[in-house]
Amino acid sequence: MDLYEAMRCAPTSRDFKADPVPREALVRALDAARFAPSGGNRQGWRVVVVEDLQRRIALRELYLPRWRAYTEQTGAARMLADPESFDERRVRMVRRADVYASRLEQVPMHLVVGVRLEDLAVTDAELDRQSIVGGASVYPFVQNLLLALRAEGLGAAMTTLLVPAEAEVKALLEIPDEIALAAHIGVGYRAGDWPKKLARKPVEEFAFSERFGEPLA
Ligand SMILES: Cc1cc2nc3c(=O)[nH]c(=O)nc-3n(C[C@H](O)[C@H](O)[C@H](O)COP(=O)(O)O)c2cc1C
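Per this note's numbering, the very first residue in the sequence shown carries number 719; after that it's consecutive.
As structure tokens, then:
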């Protein structure tokens, strides 16, 4: 699959066939994803692959209450309760995410991605605002992995709602203290068609020339 095509059509897949993910496909995807950049090339990412049903159920039990709380906080719960009053497209997305959360254990393969904290170069740690740079040494790997899974014909959903349940997830998967959770990726063969192109803002809305706000001619 052409790289640009993969970038334009690797959606968040939340509905999967029951077929297991071939181990060779996963290993090929991981083998490509590892070429991601990281601060100082420290490559601090670590991945736990979960297929055991009891563990998948345990992950759902940790994810679902956090998803429900998130829908309350963001107003998504109102969309679910009163869909007619909201944009149809957003309601569809929230519905899909809600079903995904309630059946998380049915996702054939779960990838729990963590990162070794001591491998992070957090260059904005001293700024008087929320730090963002630490994630830059793990999320390029995550995005590479999503694209590689797409190239393997596999669907994937990256979420971060398990991160606040880090202590429980780490206990469940015996992840050592030095690792922080970064993401959960549900993987499987997508049920239904692939979109041709995802809904995203055009370039002129986010890229500028020389000074912020100047159009990129
Ligand atoms: C940091 C991050 C957190 C996300 N969290 C969730 C989540 O909690 N639940 C969910 O269903 N999708 C989650 N997503 C997926 C987004 O909803 C998805 O990327 C976005 O709606 C675009 O969807 P599309 O790629 O299918 O167009 C998350 C994505 C990112 C990058």
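We treat Cβ as the ideally placed atom computed from N, Cα and C, and that holds for glycine.
Legend entry - N- and C-terminal bounds of the beta strand (DSSP E) containing Val-921: Per DSSP, Val-921 lies in no beta strand (DSSP E) segment and is marked neither H nor E.
Inset, instruction - Quick one: using the 10 Å Cβ neighbour count with 16 as the cut-off for buried, is Ile-897 buried or exposed? - result: Buried, because 16 or more other Cβ atoms sit within 10 Å of the Cβ of Ile-897.
Legend entry - Per-residue burial, Arg-774 [other beta carbons within 10 Å of its own, 16 or more giving buried]: It is buried - the Cβ of Arg-774 has at least 16 other Cβ atoms within 10 Å.
Legend entry - Helix, strand or coil at Thr-789 [DSSP, three-state]: Here Thr-789 sits in helix by DSSP.
Legend entry - Reference Gln-761, options Val-921, Lys-914 and Glu-836, closest by Cα: For Gln-761, the nearest C-alpha among the options comes from Glu-836.
Legend entry - Nearest-angstrom Cβ-Cβ length linking Val-840 and Gly-852, presumed shorter than 8 Å: About 4 Å separates the beta carbon of Val-840 from that of Gly-852, a gap short enough to meet the 8 Å contact definition.
Inset, instruction - State yes or no: is the C-beta of Thr-878 nearer than 8 Å to some heavy atom of ligand 1? - result: Within the cutoff, so yes.
Inset, instruction - Could you give the DSSP three-state label for Arg-821: helix, strand or coil? - result: In this structure, DSSP gives Arg-821 a state outside helix and strand, which the three-state scheme calls coil.
Inset, instruction - Could you tell me if the beta carbon of Leu-916 falls within a distance shorter than 8 Å of some heavy atom in ligand 1? - result: Residue side-chain check: Leu-916 places its Cβ nearer than 8 Å to a non-hydrogen atom of ligand 1.
Inset, instruction - Confirm, please, whether the CB-CB distance from Pro-826 to Ala-736 is below 9 Å. - result: Against a cut-off of 9 Å, the Cβ pair of Pro-826 and Ala-736 comes out as a contact.
Inset, instruction - Please find out if some non-hydrogen atom of ligand 1 comes closer than 8 Å to the beta-carbon of Trp-912. - result: No, the beta carbon of Trp-912 sits no closer than 8 Å to any heavy atom of ligand 1.
Legend entry - Endpoints, the alpha helix (DSSP H) within which Val-745 is located: Note, Val-745: alpha helix (DSSP H), 741-751.
Legend entry - Any C-beta of chain C under 9 Å from that of Arg-868: Among the protein chains of the structure shown there is no chain C, as only one such chain exists.
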